[in-house]
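Heads up: the sequence shown begins at 1 in this note's numbering, then just goes up one per residue. Below is one structure; the comments refer to it alone.
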Amino acid sequence: METPNPAERLRLDVALVARSLAASRTVAQRMVTDGRVLVNGTVCVKPSCMVEPGWDIEIQATDTPQFVGQGGLKLQRAVEVFSLDFQGLRVIDLGASTGGFTHCALEHGATQVWAVDVGTAQLHPSLQNDSRVVSLEGTHVKDLTLAQCGGRMAEALVADLSFISLTYVIPRIPEFLAADGFAVLLVKPQFEVGPKGLDRHGVVRRGTDQLRAITRVVDAARIVGLYPHGLTFSPLGGKGRNTEYLLYLRFSPSPRQIDALRVVQEAEGYFRGR
1 METPNPAERL RLDVALVARS LAASRTVAQR MVTDGRVLVN GTVCVKPSCM
51 VEPGWDIEIQ ATDTPQFVGQ GGLKLQRAVE VFSLDFQGLR VIDLGASTGG
101 FTHCALEHGA TQVWAVDVGT AQLHPSLQND SRVVSLEGTH VKDLTLAQCG
151 GRMAEALVAD LSFISLTYVI PRIPEFLAAD GFAVLLVKPQ FEVGPKGLDR
201 HGVVRRGTDQ LRAITRVVDA ARIVGLYPHG LTFSPLGGKG RNTEYLLYLR
251 FSPSPRQIDA LRVVQEAEGY FRGR
């Protein structure tokens, strides 16, 4: 049998073998359907997905929590740093995509998750078939109603949104989040700072611009009565990717102020050389 050429456009399962990331196509297909394979940073669950030669393919290690999307690893970071408890909670996930945040919340005890995304056919099959998950694919955040989310306020709201500033989304959070609930927002500086803050690859390099993005989101949250209780950076970054930040919010003021500058500097140190 002819050996696949990794310099050609290939099916994902074939590309894994060609790049020596899997011993056989059977093994590769199992890795893909288990949600362990990231293509350009996004979990791909279809072995037939076509992969270009220059695309990054990564395998999630088996000793880390296994989620259907890398967003799960980001929310896992928030769970650990902020000591979050999803046990018994009703959760709204904005920008669910494949369902990484949804999966993480369920693994930590959430009883029901409303997975909202403007896209369609993205939510992982395992979550589509989970009775605890209500898929609201094809729904834009601006059009979401409380009736769609069971008619009751949620105890937790998480968000991993792209191509929109969180400042446009935050004003709607009080419509869905209970007074004693909490929110975790993934702050993506590339969608907050504007074109002048991006390099030619679309990456926010300067720490000052990252700090400006965080401040902008925090200020928008304060306007609607949400206060920052914690801030950390996502551990998934480096290699020319944007650094993202997890912001923990509640309606009650925090006794401690977050030090956004320190967190940005910690992120810079963590990703230096990676």
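We treat Cβ as the ideally placed atom computed from N, Cα and C, and that holds for glycine.
Exposure label - residue i; buried when at least 16 CB within 10 Å
{"i": "residue 124", "result": "buried"}
{"i": "residue 278", "result": "In this structure the chain extends from 1 to 274, so residue 278 is not present and cannot be described."}
{"i": "residue 103", "result": "buried"}
{"i": "residue 248", "result": "buried"}
{"i": "residue 192", "result": "buried"}
{"i": "residue 139", "result": "buried"}
Residues bridged to residue i [DSSP beta-bridge criterion]
{"i": "residue 182", "result": "156 and 250"}
{"i": "residue 245", "result": "187 and 233"}
{"i": "residue 135", "result": "115"}
{"i": "residue 223", "result": "Paired residues: none, contrary to the question."}
{"i": "residue 93", "result": "115 and 158"}
{"i": "residue 31", "result": "Answer is none; residue 31 lacks a bridge partner."}
{"i": "residue 57", "result": "39"}
{"i": "residue 177", "result": "154"}
Per-residue DSSP class, three states only, for residue i
{"i": "residue 126", "result": "helix"}
{"i": "residue 198", "result": "coil"}
{"i": "residue 228", "result": "strand"}
{"i": "residue 84", "result": "coil"}
{"i": "residue 52", "result": "coil"}
{"i": "residue 75", "result": "helix"}
{"i": "residue 21", "result": "coil"}
{"i": "residue 9", "result": "coil"}
{"i": "residue 121", "result": "coil"}
{"i": "residue 218", "result": "helix"}
{"i": "residue 101", "result": "helix"}
Nearest to residue i (by Cα), restricted to the options the options
{"i": "residue 186", "options": "179, 140, 162 and 196", "result": "162"}
{"i": "residue 263", "options": "255, 254 and 245", "result": "245"}
{"i": "residue 151", "options": "228, 92 and 229", "result": "92"}
{"i": "residue 98", "options": "216, 149, 67 and 166", "result": "67"}
{"i": "residue 330", "options": "164, 132 and 165", "result": "Not covered by the structure: residue 330. The range shown for the chain is 1 to 274."}
{"i": "residue 36", "options": "95, 100, 84 and 18", "result": "100"}
{"i": "residue 136", "options": "25, 231 and 118", "result": "118"}
{"i": "residue 212", "options": "200, 22, 55 and 167", "result": "167"}
{"i": "residue 15", "options": "269, 33, 170 and 52", "result": "52"}
{"i": "residue 128", "options": "141, 112 and 142", "result": "112"}
{"i": "residue 183", "options": "200, 59, 153 and 57", "result": "153"}
- Touch test, the region 43-60 against the region 11-28, Cβ-Cβ under 8 Å, three pairs minimum: yes
- Is it true that the region 68-86 meets the region 220-236, where meeting means three or more beta-carbon pairs spaced less than 8 Å apart? yes
- Query: With a cut-off of 8 Å, do at least 3 Cβ pairs link the region 166-177 to the region 212-227?
  - Reply: yes
- Query: Should the region 80-91 be called in touch with the region 196-206, which here means at least 3 C-beta pairs below 8 Å?
  - Reply: no
- Task: Answer yes if the region 198-218 comes into contact with the region 105-124, meaning at least three C-beta pairs across the two stretches below 8 Å, and no otherwise.
- Result: no
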